[in-house]
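S.K.: Supplied in structure tokens, the structure appears directly below.
This is the structure in structure tokens:
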């Protein structure tokens, strides 16, 4: 079964420290929630440089946690805004990311129960 997080990869980098993994996931969840609202606001205000900055930041955080699907989506937002400035696709991608975020939350809950 495929998980939202490449658990083997992230645990290798964290030296199998599950406590640190849960800490990093919790930090990411808080940061994502905050920055997601800021992205929405910046889109409405057509502040695309801010959207790209926030997407870049979240792309890095997702990469650090080995969440490749989210990382790719944030990369798409960055590149699409740079190339076109069109926000229609961005909204679809954000909806996709929101679904992945829910999957991450469920993954973290299930992993905690197993340990």
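In the working numbering, the protein residues as written are 88 to 202. Ideal placement from N, C-alpha and C gives every residue a C-beta, glycine not left out.
1) Please work out which residues of its chain come closer than 7 Å, Cβ to Cβ, to residue 145, disregarding the five sequence neighbours upstream and downstream, and give them in chain order.
2) Could you tell me how far apart the beta carbons of residue 116 and residue 192 are, in whole angstroms, since I believe they sit closer than 8 Å?
3) Is the separation between the beta-carbon of residue 90 and that of residue 194 shorter than 8 Å?
4) Could you spell out the range, first to last residue, of the alpha helix (DSSP H) harbouring residue 184?
5) Between which two residues does the alpha helix (DSSP H) harbouring residue 141 extend?
6) Name the residue from 173, 190, 96 and 99 whose alpha carbon lies nearest to the alpha carbon of residue 139.
7) For residue 153, is the classification buried or exposed, using 16 other Cβ atoms within 10 angstroms of its Cβ as the cut-off for buried?
M.R.: Let's see:
1) Cβ neighbours of residue 145 beyond the five flanking positions: 119, 122 and 161.
2) Approximately 7 Å separates the beta-carbon atoms of residue 116 and residue 192; this is inside 8 Å, confirming the contact.
3) Closer than 8 Å, so yes.
4) Per DSSP, residue 184 belongs to the alpha helix (DSSP H) from 175-201.
5) Here the alpha helix (DSSP H) through residue 141 covers 135-151.
6) Answer by Cα proximity: 173.
7) Counting Cβ neighbours within 10 Å, residue 153 comes out buried, since at least 16 surround it.
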